[in-house]
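Below: one structure, written as structure tokens.
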Amino acid sequence: MTDAPGSAPGPLPGPGAVLVLGEALIDLVPTGDEAEAHLAQPGGAPANVATGLARLATPSWFAGALGNDGFARSIERRLLSAGVELGLCARPDLPTALAVADPGPDGTGYHFHLQSTATFQLPQRMDVERFAAVYAGGLAAVVEPAASAVAVTARAAAAGGPLLVVDPNVRDDRTLDASDGGRRLRELCELGRVVKASDEDLAALWPDATPDETCRRLAADGRLVVLTRGSRGSTAYSADCAEPVSVPATPVEVVNTIGAGDAFTAAVITWLVPRGVRGGRLPEFTPALLQDMLGFASGVAASVVGQAGTEPSLPAPV
155 MTDAPGSAPG PLPGPGAVLV LGEALIDLVP TGDEAEAHLA QPGGAPANVA
205 TGLARLATPS WFAGALGNDG FARSIERRLL SAGVELGLCA RPDLPTALAV
255 ADPGPDGTGY HFHLQSTATF QLPQRMDVER FAAVYAGGLA AVVEPAASAV
305 AVTARAAAAG GPLLVVDPNV RDDRTLDASD GGRRLRELCE LGRVVKASDE
355 DLAALWPDAT PDETCRRLAA DGRLVVLTRG SRGSTAYSAD CAEPVSVPAT
405 PVEVVNTIGA GDAFTAAVIT WLVPRGVRGG RLPEFTPALL QDMLGFASGV
455 AASVVGQAGT EPSLPAPV
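Its first residue numbered 155, the sequence shown is counted upward by one per residue in our numbering.
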């Protein structure tokens, strides 16, 4: 296996660059009316976020692992075509992990094929100080050996420097250790300065509290917490505001929901980075600012929901 060095051999991150840490894999998505037919498309929440950032013109560096098969080459083409910098990626001589999507009326479930794959052989040394923000979450936060690398990098970011953004992206599958995974994701959320999570995520991680109660508790410690509820819109919690701020979901004819939450996260980061987040600082929020952020992110997520792919675009000017 070849490993990425601790710093990029090519161009260095400029102001406003975001480090995205985690997995890039292949989603096998049912297609047409044939239950046996599946479309292979690049996915993985962190890879989706990295692509979304680049599509939204935010400098994006992906620190994952790309293997040696055709799927890895497809993932690489997707990331590079979006403008994602791959100088920090590890390049193990292993195949790519697969996630078999199972869409249903309550969202998309997944069944994972993870063992002996390149996907979780993340680089172990990250110079986070060069970045304005660091994103962590997804399967890499709970699947070893990636989980240890994510935890170390998240702690380094939380200690000062970049803004640590966490999206737990809770997944339920027989291949995952629910108890250990839940512990790791709770610890990651507690480290983050920004936590974006769905109501299902929070109900799974803190089952003894309502999602609203969990968001208020996390925000009381100085975090920005963004709660997404699918077609029911989103809510932002900040200690700067007496009450949370909610916006409805942007109306759109639903074609696909895969990747919508990742596009939302990329949009939140894109909105935050130009507003002085260096040193882990958050802007001073007002209800109007929170409403503007949520409206922007909702529009970006709608651009994914309204099409067959997972590539977001900027919302049209109002």
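Ideal Cβ placement from N, Cα and C applies to all residues, glycine included.
- prompt: With distances taken between CB atoms, is the gap from V401 to L448 smaller than 8 Å?
  reply: yes
- request: Quick one: residues in its chain with C-beta nearer than 7 Å to the C-beta of M155, no 5 flanking neighbours on either side, listed in chain order?
  value: Unreliable positioning characterises M155 in this predicted model, as indicated by a pLDDT of 39, which lies under 50. A coordinate reading is not provided.
* **Inter-residue spacing [alpha-carbon to alpha-carbon] between T382 and P365** => 10 Å
query: Would you report the Cα separation of Q445 and C395, rounded to the nearest angstrom?
result: 12 Å
Less than 7 Å between C-beta atoms, sequence neighbours within five positions excluded: which residues of the same chain meet that for L179? Cβ within range, chain order: G197, G198, T250, A251, L252, A253 and T273.
First through last residue of the alpha helix (DSSP H) which encompasses A442 = That run of the alpha helix (DSSP H) goes P441 to V459.
Original post:
Could you give the residue range of the alpha helix (DSSP H) that holds W425?
Top reply: DSSP places W425 in the uninterrupted alpha helix (DSSP H) bounded by A414 to L426.
A414 versus S214: straight-line alpha-carbon distance, rounded: 18 Å
By alpha-carbon positions, which one of A351, N202, P441 and A358 ends up nearest to A393? Between A393 and the set A351, N202, P441 and A358, the nearest pair of CA atoms involves P441.
task = Quick one: residues in its chain with C-beta nearer than 7 Å to the C-beta of L220, no 5 flanking neighbours on either side, listed in chain order?
result = A178, A226, I229, E230, C243, R245 and A272
* Determine the DSSP secondary structure at L276, reduced to helix, strand or coil. => coil
> Per DSSP, T389 forms a beta bridge with which residues?
Replying inline: L381 and S400
(message) T185 and L193 - do their beta-carbons sit closer together than 8 Å?
(response) yes
With DSSP run on the structure shown, which of helix, strand or coil describes V282?
-> It is helical.
What's the gap between the Cα of L436 and the Cα of L372? 15 Å
Among G384, P169, V238 and R340, nearest to A305 - alpha-carbon criterion: R340
**Message:** What does the alpha-carbon distance come out to for the pair Q278 and F216?
**Reply:** 14 Å
How many whole angstroms separate the CB atoms of A351 and D321, which I take to be in contact at a CB cut-off of 8 Å? Indeed, because the Cβ distance is near 7 Å, the residues count as touching under 8 Å.
Whose C-alpha, out of A310, V348, L210 and P398, is nearest the C-alpha of G376?
V348
ask   = Using CA coordinates, which residue listed in A294, L166 and D281 is at the minimum distance from E239?
value = L166
Open item on the list: Looking at the strands, I want to know which residues DSSP matches up with F225.
Closed with: Partner residues in a beta bridge of F225, as assigned by DSSP, do not exist.
D327 versus L293, R284 and A451, residue with shortest Cα-Cα distance: L293
- prompt: If you draw a straight line from the alpha carbon of G387 to that of A417, how long is it in whole angstroms?
  reply: 14 Å
| Who are the Cβ neighbours of A201 in its own chain at under 6 Å, not counting the five residues just before and after it? | The residues are A178.
Next on the checklist: Given this structure, state the Cα-to-Cα distance separating A171 from E397, to the nearest angstrom.
Outcome noted: A direct Cα-Cα distance of roughly 31 Å separates A171 from E397.
Nearest candidate by alpha-carbon position, reference L318, set A451, R338, Y391 and E283 | E283
query: If you compare alpha carbons, which of A310, E367, V297 and L426 is closest to G176?
result: V297
**OP:** Mind reading off the beta-carbon distance from A295 to L342? Whole number of angstroms is fine, and I expect it under 8 Å.
**Re:** That belief holds up - the Cβ atoms of A295 and L342 are roughly 6 Å apart, short of 8 Å.
Considering just the uninterrupted stretch of the alpha helix (DSSP H) at V306, what are its terminal residues? A300 to A312
Measure from the alpha carbon of V427 to the alpha carbon of each residue in D331, L207 and N222, then state which is nearest.
L207
Output the distance between the C-alpha atoms of R429 and I423, rounded to the nearest integer angstrom. 10 Å
Out of S270, T212, E190 and L210, which one is the CA nearest neighbour of N222? S270
- Using the beta-carbon count (16 or more within 10 Å), is P466 buried or exposed? buried
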